[in-house]
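This report concerns only the one structure given below.
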Amino acid sequence: MPESADTPRGSLKVYLGYAAGVGKTFQMLADGHAAAERGVDVVVAYFQPHARPDTIEQAQGLEMVPHRKIEYRGKTFEEMDTDAVLRRRPSIALVDELAHTNIPGSIRTKRWEDVQVLLDAGTEVWTTMNVQHIESLNDQVWQITGIQVRETVPDGIVRQAAEIVAVDVTPDALLNRLKRGAVYKPEMVEKALTGFFKGSNLGALRELTLRQAAHEVDLRQSAYDETRGFQVPRISEARPGGTPDNQPKERILIHITADPSTAMLIRRGRRVADYLHADCTALFVHQTPELSQLSAEERQAVEKHLRFARSLQIETRILAGTDIAKTVVDFARHSQVTQIFVAHSQVGLLERLRGKDFTEDIVRLAQDLQVTVVADRSRRQTLQ
Amino acid sequence: MSDQEKNSHSTRGRLKVFLGYASGVGKSFRMFDEGRRRRDRGQDVVVGALQPKVPIEIQPLLSSLEIIPTFNIKGVPVIDVQAILQRRPQVCLIDGLAYDNPRDSRNAHRWQDVEELLSAGITIVASVNLQYIGDQREAVEKLTGKRVTQTIPREFLDTADEIVIVDAPTEAATERRSALREMALVLSADVIDAGLQRYMHSHGLEQHLGTNERFLICLTPRANFERMMATARRNATRFHCDVLAAYVRRPDLSEADQKLLEQGLAKARENGAQVEVLEGQDPVETIVRYARSHGVTQIFVGHSVKKDLGTRMFGSTVSRLVRAARGIDVRVFPHLDRERQP
């Protein structure tokens, strides 16, 4: 549906939880009912058909936009029918599971992309997700739980949200729900208890959720203060031991290579930049005169990393230079970078003797800059 | 993490706290609603304390619950500890933890009454507001301008088996409430962290989960300590996290260097860092071991400038640190001399 250029973008509200069963969907639907009672035009645009009994009950009485049915490998799958929602033009659309990957054959790959379409058309969207689906938290979640989450949402999408609601329940209460069969079917419960729901995982993810929610509140306050010029003390100043924040803005430079550890480096850089309200740039340096002279394998890996950086709203640069470390450091100096992020290079004694330790080179050359050597946060390395 | 089975040998009751960031967010309602549900599930629940004014939406919840009234001394409501102990319920609800009892009471503070009930094996479900937590009071006062005199110690809150934040999003127009909400979220996360560490410890796990950032500043005589400390403090307020500082004692230190180090340590303490002097043959190993056992996520270290054969063979201290610190970021700071003479 064509929109005039002055249609204001819809606002986004995210119900953030730490596991299945904490009550995100339930609360979203409850708030939907409350809005509908106030006379707001609310529809359920996507709702998990195999939802829990109490959640299904909560959805009763709200208008549902029928799902799109998609055939894939002889089975029928249901996805949100974004076009139907656009035609229906509600004020608020409730969309469950923001991190969901659509079935092949759908118009868009990710549900968050469908949500962007709704927002662009001026529809307000309320949605649900778990903290472990935030892209930049991927490594930390892996480190904590030993589980690598594949369906992620770029941080920038979450950042668009006008409001983040932390849906909180204690792990004990969640485990009770699980054992009562209120979350999964009975045959799934045992597996859940020894897998994702085991031991300290829930507590740790819950802690991450609350920290993330606090961080999101902090970011929104800063943005608000900047636009309105409020003189209220920032929490960072009011907190015990807090300091006023009148330092010049930090600039982080992430050094990109073809090495797989680069993905981790990008996520960590994004995360730190967010917390420090810093600018963030990613740089790749090729020793060949032209980028096209790199091996196909290396070029693909580098391009993947550059795309990934851009998807997290990191500005990317490509430079040619025979001495990579020197090129990186020179660029940093000229661009007022305050911190260079590099991955830890795994080199043997022989290479070190020959002076071929890249991390060492950067550290040595950048003696007037801060260099952060980012650790490999995969679980193998931390459990020794 | 609280774990009922693991604690079954002890007779202490469990403490569950509903934390609100302002009055009116609904923590009393949530608490009494939980009391009602526990009663419906067959638990023996009593109410040990109500707020002086009972909001209208809570009254229906109270109708099904037994109340052991507080008694009034000089207009101050005091929990009837004796009556509750005699009644011996499984669960006792306390709406409002932060009250000072009048002089000559059984205990000076209500949280001590609660402590007594917990020791007697009674589970406590209680509510409290952010501004009444000892270490938060000052910050809340700065934001709200309202003075608070009655507080509960942070250490008491940290013993909670469960904490629930009653989180209600704020309208953008009430930016003070946003700041309070942020503080309450961080406080809840910190209390959960304390519980997680107890859980890990009780399971013989020394590993830290890395759920929260923690910075460690390595002190060396020539490091630009002022810069490192200032950066750490600034970043720590952003990350809501702790700063530690440590140095490894070395016998061969000159008197001048020793003095520099001690100045650094004093400065770190002034800035609220947790300071430690470590003993060990190998400084790198010693620092990394300390960092690991204290859940450090980022080590701050000053640049080393030497480049001799030994350094080339085994790497500079910095690169040895990087190699040893697997799983921990290492942030290298410019050398003092470098910064002074560009």
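As they're listed, the protein sequences go chains A and B. Numbering-wise, our numbering puts 48 at position 48 of the first sequence, and it's gapless, one number per residue. Numbering-wise, our numbering puts 110 at position 110 of the second sequence, and it's gapless, one number per residue. Don't be surprised by glycine CBs; every beta carbon is placed ideally from N, CA and C.
- Item | Residue-level contact to chain A via CB, residue 179 of chain B, 8 angstroms cutoff | Along the second sequence, one-based indexing puts residue 179 of chain B at 179. So, interface residue.
- Query: Do the CB positions of residue 202 of chain B and residue 163 of chain B come within less than 8 angstroms of each other?
  - Reply: For this step, residue 202 of chain B is matched to residue 202 along the second sequence. For this step, residue 163 of chain B is matched to residue 163 along the second sequence. No; because the gap between Cβ atoms is not below 8 angstroms, this pair is not in contact.
- Task: Name, in chain order, the residues that DSSP records as bridge partners for residue 365 of chain B.
- Result: Here chain B has residues from 1 to 342 only, and residue 365 of chain B is not among them.
- Query: Three or more C-beta pairs closer than 8 angstroms, one from the region 34–41 of chain B and one from the region 142–149 of chain B: is that the case here?
  - Reply: With contact defined as three or more Cβ pairs closer than 8 angstroms, the region 34–41 of chain B and the region 142–149 of chain B are not in contact.
- Can at least three beta-carbon pairs, one atom from the region 40–60 of chain B and one from the region 74–91 of chain B, be found at a separation below 8 angstroms? yes
- Quick one: does residue 148 of chain B have its CB under 8 angstroms from some CB of chain A? Residue numbering aside, residue 148 of chain B sits at position 148 when the second sequence is read from its first letter. No - not a single Cβ of chain A is within 8 angstroms of the one on residue 148 of chain B.
- Query: Can you find a heavy atom of the ligand FAD that lies under 7 angstroms from the Cβ of residue 125 of chain A?
  - Reply: For the structure depicted, the ligand FAD is absent and the ligand set is empty, with no information on it obtainable.
- Task: Would you mind listing the alpha helix (DSSP H) stretches within the region 116–165 of chain A that are 4+ residues and don't spill past its ends, in chain order?
- Result: 138–145, 155–160
- Task: Return helix, strand or coil for residue 199 of chain B, following the three-state DSSP convention.
- Result: On the second sequence, position 199 is the one that residue 199 of chain B refers to. Helix at residue 199 of chain B.
- Please state whether DSSP places residue 45 of chain B in a helix, a strand or coil. Mapped onto the second sequence, residue 45 of chain B falls at position 45. It is a strand residue.
- Counting only runs that start and end within the region 297–339 of chain A, where is the alpha helix (DSSP H) found for 4 or more residues in a row? Within the region 297–339 of chain A, the complete alpha helix (DSSP H) segments of 4 residues or longer fall at 324–334, listed in chain order.
- Give the range of the beta strand (DSSP E) segment to which residue 79 of chain B is assigned. Along the second sequence, one-based indexing puts residue 79 of chain B at 79. Careful: residue 79 of chain B lies outside any beta strand (DSSP E) and carries neither H nor E.
- By the 10 Å Cβ neighbour count, where 16 or more other Cβ atoms means buried, how is residue 221 of chain A classified, buried or exposed? Counting from 1 along the first sequence, the entry for residue 221 of chain A is found at position 221. Label assigned to residue 221 of chain A: buried.
- Task: Give the range of the beta strand (DSSP E) segment to which residue 169 of chain A is assigned.
- Result: In the first sequence, residue 169 of chain A corresponds to position 169, counting from 1. Where residue 169 of chain A is concerned, there is no enclosing beta strand (DSSP E), given that its DSSP letter is neither H nor E.
- Message: Between residue 106 of chain B and chain A, is the shortest Cβ-Cβ distance under 8 angstroms, so that the two count as touching?
- Response: The count along the second sequence starts at 1 and reaches residue 106 of chain B at position 106. No, no contact with chain A.
- Under 8 angstroms (Cβ pairs) to chain B, residues found in the region 271–303 of chain A: So the close ones are 275, 276, 277.
- Item | Contact the region 28–48 of chain A vs the region 89–98 of chain A: 3+ CB pairs below 8 angstroms | yes
- Taking the continuous beta strand (DSSP E) assigned at residue 300 of chain B, which residues delimit it? Locating residue 300 of chain B in the second sequence gives position 300, where the first residue counts as 1. Per DSSP, residue 300 of chain B belongs to the beta strand (DSSP E) from 298–302.
- Name, please, each residue of chain A whose Cβ falls closer than 7 angstroms to the Cβ of residue 164 of chain B. In the second sequence, residue 164 of chain B corresponds to position 164, counting from 1. Under the 7 angstroms cutoff, chain A gives 168, 170.
- Message: Can you tell me whether residue 110 of chain A is buried or exposed? The criterion is at least 16 other CB atoms within 10 Å of its CB, across all chains shown.
- Response: Start at 1 with the first residue of the first sequence, and residue 110 of chain A comes out as number 110. Buried, by the Cβ-count rule.
- Task: Report buried or exposed for residue 55 of chain B, applying the criterion of at least 16 other Cβ atoms within 10 angstroms of its Cβ.
- Result: Here the question's residue 55 of chain B lines up with position 55 in the second sequence. Flag for residue 55 of chain B reads exposed.
- Sorted by chain position, which residues of the same chain lie with C-beta nearer than 7 angstroms to residue 69 of chain A's C-beta, five sequence neighbours on each side aside? The count along the first sequence starts at 1 and reaches residue 69 of chain A at position 69. Contacts found: 76, 78.
- So residue 214 of chain B is in the beta strand (DSSP E); what residue range does that whole segment cover? Residue mapping note: residue 214 of chain B aligns to position 214 of the second sequence, counting from 1. 214–218 is the extent of the beta strand (DSSP E) around residue 214 of chain B.
- Query: Given that residue 188 of chain B touches chain A, what residues does it touch there, using C-beta distances under 7 angstroms?
  - Reply: As a first step, residue 188 of chain B must be located in the second sequence, where it is residue number 188. Result: 210.
- Message: List, in chain order, every chain A residue whose beta-carbon is nearer than 7 angstroms to that of residue 195 of chain B.
- Response: One-based indexing of the second sequence puts residue 195 of chain B at position 195. Near residue 195 of chain B (Cβ distances below 7 angstroms), the residues of chain A are 203.
- Message: Just verifying my parser: in three-state terms, what is the DSSP assignment at residue 68 of chain B?
- Response: Looking up residue 68 of chain B in the second sequence gives position 68. In the structure shown, residue 68 of chain B sits in coil (DSSP, three-state: anything other than H, G, I, E or B).
- Residue of B:122, B:83, B:317 minimising C-alpha distance to residue 219 of chain B: On the second sequence, residue 219 of chain B is found 219 positions in, with the first residue counted as 1. Each of B:122, B:83, B:317 was checked against the Cα of residue 219 of chain B, and the nearest Cα belongs to B:317.
- Message: Rounding to the nearest angstrom, what Cα-Cα distance links residue 228 of chain B and residue 242 of chain B in this structure?
- Response: As a first step, residue 228 of chain B must be located in the second sequence, where it is residue number 228. As a first step, residue 242 of chain B must be located in the second sequence, where it is residue number 242. Near 14 angstroms, if we compare the C-alpha coordinates of residue 242 of chain B and residue 228 of chain B.
- Task: Would you kindly work out how many angstroms separate the C-alpha atoms of residue 291 of chain B and residue 329 of chain A, rounded to a whole number?
- Result: Residue 291 of chain B sits at position 291 when you count from the first residue of the second sequence. Residue 329 of chain A sits at position 329 when you count from the first residue of the first sequence. Cα to Cα, residue 291 of chain B sits roughly 29 angstroms from residue 329 of chain A.
- Query: DSSP on residue 238 of chain B, reduced to helix/strand/coil?
  - Reply: Taking the first residue of the second sequence as position 1, residue 238 of chain B is located at position 238. It is helical.
- Message: Using only the alpha-carbon positions, how far apart do residue 276 of chain A and residue 179 of chain B sit?
- Response: Taking the first residue of the first sequence as position 1, residue 276 of chain A is located at position 276. Taking the first residue of the second sequence as position 1, residue 179 of chain B is located at position 179. One C-alpha to the other measures close to 17 angstroms.
- Cβ shell of residue 148 of chain A (< 6 angstroms), same chain only, five flanking positions each side left out: Within the first sequence, residue 148 of chain A is the residue found at index 148, counting from 1. Once the five neighbours on either side are set aside, the close Cβ partners of residue 148 of chain A are 142.
- Message: Classify residue 99 of chain B: buried if its beta carbon has 16 or more other beta carbons within 10 angstroms, exposed otherwise.
- Response: Residue mapping note: residue 99 of chain B aligns to position 99 of the second sequence, counting from 1. Under this definition residue 99 of chain B is a buried residue.
- What is the DSSP secondary structure of residue 344 of chain A, reduced to helix, strand or coil? For the purposes of this step, residue 344 of chain A is taken as the residue at position 344 of the first sequence. Coil.
- Around the C-beta of residue 72 of chain A, are 16 or more other C-beta atoms found within 10 angstroms, so that it is buried, or is it exposed? Counting from 1 along the first sequence, the entry for residue 72 of chain A is found at position 72. In the assembly as shown, residue 72 of chain A is an exposed residue. Its beta-carbon has fewer than 16 other beta-carbons within 10 Å.
- Compile a chain-ordered list of the residues in the region 231–260 of chain B whose CB is closer than 9 angstroms to at least one CB of chain A. Residues 231, 233, 234, 235, 236, 237, 238, 239, 240, 243.
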